[in-house]
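Take our numbering: the last position of the sequence shown gets the number 795, and nothing is skipped along the way.
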Amino acid sequence: AFKAAVLIQQWYRRYVARLEMRRRCTWRIFQSIEYACEQDQIKLHNFFSYLMDQFTPSSSKERDFISRMFISGESYKEAELEKCCDYESIEVPDSYTGPRLSFPLLPDHATALLEAFQQKQQLHARYVLNLLHETRKHLKQLPNISHVSTCYSEEVTVCGAPWGNLSLLTSTCSLLLQNGLPSPSKSYVFNGDFVDRGKQSLEILIILFAFLLIYPKEVHLNRGNHEDHIVNLRYGFTKEVMQKYKVHGKKILRMFQNVFCWLPLATLIDQKVLIIHGGISDTTDLNMLEKIQRDKFISVLRMKKKKESSRKPEIQAINGESKSDTEAAGNEAAPRLSLQPQSAQAPSTANRLEFSRWLRQTVQDQIDTCRRLVDISESEPEELTYSSMVSLKDVDEPCWTYQEEWKQILDILWSDPMPQEGCRENKVRGGGCYFGPDVTEKFLEKYSLQFLIRSHECKQEGYEFCHNRKVLTIFSASNYYEIGSNRGAYVKLGPDLIPHFVQYQANKTAHMLTMTQRQGIPVARISRVEESAFRALREKLFAHTSALISAFKAYDGDNTGRITLSNWATAVESVLRLGLPWRMLRPQLVRSTEDGMLEYKSWLDDLAMEQRSREHIQSSLLEVIYRNRSNLETIFRIIDRDHSGLISFEEFQQTWKLFSSHMNIELTDDGIDDLVRSIDFNKDGNIDFNEFLEAFRLVKQCP
93 AFKAAVLIQQ WYRRYVARLE MRRRCTWRIF QSIEYACEQD QIKLHNFFSY LMDQFTPSSS
153 KERDFISRMF ISGESYKEAE LEKCCDYESI EVPDSYTGPR LSFPLLPDHA TALLEAFQQK
213 QQLHARYVLN LLHETRKHLK QLPNISHVST CYSEEVTVCG APWGNLSLLT STCSLLLQNG
273 LPSPSKSYVF NGDFVDRGKQ SLEILIILFA FLLIYPKEVH LNRGNHEDHI VNLRYGFTKE
333 VMQKYKVHGK KILRMFQNVF CWLPLATLID QKVLIIHGGI SDTTDLNMLE KIQRDKFISV
393 LRMKKKKESS RKPEIQAING ESKSDTEAAG NEAAPRLSLQ PQSAQAPSTA NRLEFSRWLR
453 QTVQDQIDTC RRLVDISESE PEELTYSSMV SLKDVDEPCW TYQEEWKQIL DILWSDPMPQ
513 EGCRENKVRG GGCYFGPDVT EKFLEKYSLQ FLIRSHECKQ EGYEFCHNRK VLTIFSASNY
573 YEIGSNRGAY VKLGPDLIPH FVQYQANKTA HMLTMTQRQG IPVARISRVE ESAFRALREK
633 LFAHTSALIS AFKAYDGDNT GRITLSNWAT AVESVLRLGL PWRMLRPQLV RSTEDGMLEY
693 KSWLDDLAME QRSREHIQSS LLEVIYRNRS NLETIFRIID RDHSGLISFE EFQQTWKLFS
753 SHMNIELTDD GIDDLVRSID FNKDGNIDFN EFLEAFRLVK QCP
């Protein structure tokens, strides 16, 4: 009996170890692919920079097309926002059975909203716009850095990124009921990334904004890197709003864009604990962050590098200098496009440098310049906000450039900690930086802080300390990659500022199972997560087919079409650079062979696209488009200014010509025409985004 018990114990330990190994490998796949995909942000930024600096349009039509890409999503004047938020003109039909809001909001309204959303009901567009209008009014009065004191709040609860996950919000609302509703003794901080990737981003924002208005002194919202117009185009929030509100979706999106840029940038607890979404850099300056006019930055991914000449009148006005002294220099500036429909004389395209300057000036300065001119001519006084009051009070303070202010916001929204010393550019994400323990120590010492709380990164247990427990990452979205992939967590701080964690994993199906069925959950959950991870990994492999073939041929000196499995693993890592244990993952990706050799051409054939897509599109073009489909989709959504979900053949062709020029891809007009016709499945003369994504959907062929 004793020997049998030992044998069972050994078997069980090996079984648990194998499960843990599978879980860790799956986690590494997800995390490696996620960080590698952040390179798309760099590609898109480089594409925009290329258009501004180097690309010479061949026609006025192409030039107008480029201008449309950059004008979309810029700041709106106050009058335009009021027109967008004309909720009183929208009638609510008698047949509407959803929740009805009246202001000021009461706790019952928040409860009604949560119950309605759990029942898959939708809030009427009139109430959405009304809520956004009231939220915007409230946010405009808040400072850039919110302050919370445990002298009044006995407990402060900090939640990380919900990522459009309504189950997390349900858990959070349960917390509000169990732990106590917001009150002078209980405050809550939600640390950004309320939207994208999940399917209920809109509902989460509505409930959070409702709590913010009901408990304005106890609920605090920080801006995350996904509260950004360009990021929303890429990761789903724009599409979600337009699908749910087909009639008034455009107005709602404009209001969300403006509300996002008014969200506070950070929260400070007892002047000792700083809560920011991303991180810091070696140049992060809290004094500057407190004074920045934060509503200027609708998107921090599309920086408008303001020239110093455009800021001289403002700086000279502060210093008491005359505006007339600079008029001559201002008149010599490069010509700008007017927002009004009129013929703008552009420099000749033959002079590449001259036209590049003109295009840069057009993209970067025209919106702000015209907006200032309009604001000066308006008779109505501008509403006094917290930012404007700070600017008026601190006229003697240094006047920072737009680029300096932009970098401050970019760093706190996009940065990540690293174990190494120093501070370096975050090339993986395409924004912000990596900061080391020395940077954290200097920052904390400079501002007399105890530690930082951040989100921005998924952690397997929902939270993680680093930098000698001076940086705490809190991530509240459980099941981020797949059901069962990670836990969510939130942290509670008392007057002693000692963190207390609550972990959870939202899973509706688990609550409905019997005890016997639950015993099989770990295996089934890991298998499900594994399947999803390897599916994503196969997509990544297909997107680099050409590079993989070249790498394999380097090990196939005799041109036999076969290489060893060891060389296969080395070649794959040299191309993808994901840092994965390929030899351990090989059984899931490569069929077993008796002689230990792999026919790599047939293996790559298994990573094929759907047959209907492959019939009309050359394989090299298909691979390039698939690898860059996320960037192309983002650009398409920028072009689609009416958010109809459709773009014309001509717009698609112009987009692909611009992108292929940037990527140095040689394509014929016939090749692009074939691509257009193959994507237009329903033959309606337009390209639907769903058609575009379906055309490049990867499927695994049956053997």
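Quick reminder that beta carbons are idealized off the backbone N, C-alpha and C, glycines included.
Whole-angstrom distance between T656 and N350, CA atom to CA atom
56 Å
For a test of the three-state rule: what should DSSP assign to C491, helix, strand or coil?
coil
Thinking C-alpha only, which one of N518, K519, E513, K538 is nearest P529?
E513
Is Y337 buried or exposed, if buried means 16 or more other CB atoms sit within 10 Å of its CB?
buried
Can you tell me which of L297, P356, V664 puts its alpha carbon nearest to the alpha carbon of K632?
In terms of Cα proximity to K632, the closest of L297, P356, V664 is V664.
Where P509 sits in the DSSP three-state scheme:
strand
Between T493 and C353, what straight-line distance do the alpha-carbon atoms span, to the nearest angstrom?
If I take the Cα positions, the gap works out to 19 Å.
How big is the Cα-Cα spacing for Y647 and L111?
34 Å
Leaving out the 5 sequence neighbours to the left and right, which residues in its chain are closer than 8 Å to R105 when beta-carbon positions are compared?
none
Identity of the residues DSSP links to T359 by a beta bridge
S238, I367
Quick check on T532: does DSSP put it in helix, strand or coil?
helix
Alpha carbon of Q552 to alpha carbon of I575, nearest angstrom
Q552 and I575 have their C-alpha atoms spaced approximately 12 Å apart.
Here's the rule I'm using: 16 or more other beta-carbon atoms within 10 Å means buried, otherwise exposed. How should K309 be labelled?
exposed
Find out if the Cβ-Cβ distance for the pair V245, P276 is shorter than 8 Å.
Reading off the sequence shown, one finds Ser at residue 245, where the question assumed Val. Yes, they are a contact pair.
Taking the DSSP output, what are the residues bridged to Y526?
D508, R516
Taking 7 Å as the limit between beta carbons, can you name the residues of its chain near L294, skipping five residues before and five after?
E332, V333, K336
Give me, in chain order, the residues of the same chain whose beta-carbon lies closer than 7 Å to that of F329; leave out the 5 immediate sequence neighbours on both sides.
V287, D288, S293
Less than 8 Å between the CB atoms is what I'm expecting for R546 and T532, so what's the real figure, rounded?
Wrong, their Cβ atoms sit about 11 Å apart, outside the cutoff.
Pick helix, strand or coil for Y107, following the three-state DSSP scheme.
In this structure, Y107 counts as helix in the three-state DSSP scheme.
Who are the Cβ neighbours of I372 in its own chain at under 8 Å, not counting the five residues just before and after it?
D503, I504, S507, F527, V531, T532, F535, L544
Keeping to the same chain, check which residues put their C-beta closer than 7 Å to that of E622; ignore five residues upstream and five downstream.
R114, T118
Distance between R654 and M694 (C-alpha atoms, nearest Å):
At residue 694 the sequence reads Ser, which differs from the Met that was named. Taking the straight line from one Cα to the other gives about 10 Å.
Hey, how far is the Cα of G252 from the Cα of H559?
Each residue's Cα considered, the two are about 19 Å apart.
In whole angstroms, what is the alpha-carbon distance linking S124 and V563?
Distance between the alpha carbons of S124 and V563: 22 Å.
Figure out for me which residue from L640, G341, Q500, P587 has the closest Cα to the Cα of K383.
Q500
For the 8 Å Cβ check, are there 3 or more pairs between the region 315 to 330 and the region 186 to 206?
no
What separation, rounded to the nearest whole angstrom, lies between the Cα atoms of N317 and F348?
14 Å
Should D417 go down as buried or exposed, given a rule of 16 or more other Cβ atoms within 10 Å for buried?
Confidence at D417 is low in this model, with a pLDDT of 45, below 50, so its placement is unreliable and no value can be given for it.
C177 in three-state terms, based on DSSP:
coil
Could you tell me the boundaries of the alpha helix (DSSP H) in which L215 lies?
L215 -> no alpha helix (DSSP H), and no H or E assigned at all.
Looking at the structure shown, is F94 part of a helix, part of a strand, or coil, going by DSSP?
helix
Taking Cβ positions, are R120 and L672 nearer each other than 8 Å?
yes
State buried or exposed for N651, treating a residue as buried only when at least 16 other CB atoms are found within 10 Å of its CB.
By the Cβ neighbour-count rule, N651 is exposed, with fewer than 16 other Cβ atoms within 10 Å of its own.
Who pairs with P679 in a beta bridge, going by DSSP?
None, per the DSSP bridge assignment.
R114 bridges to which residues according to DSSP?
In DSSP, R114 forms no bridge with anything.
Run the CB neighbour count on H239, radius 10 Å, all protein chains shown included, and call it buried at 16 or more, exposed below.
If you draw a 10 Å sphere on the C-beta of H239, you find fewer than 16 other C-beta atoms in it, and that means exposed.
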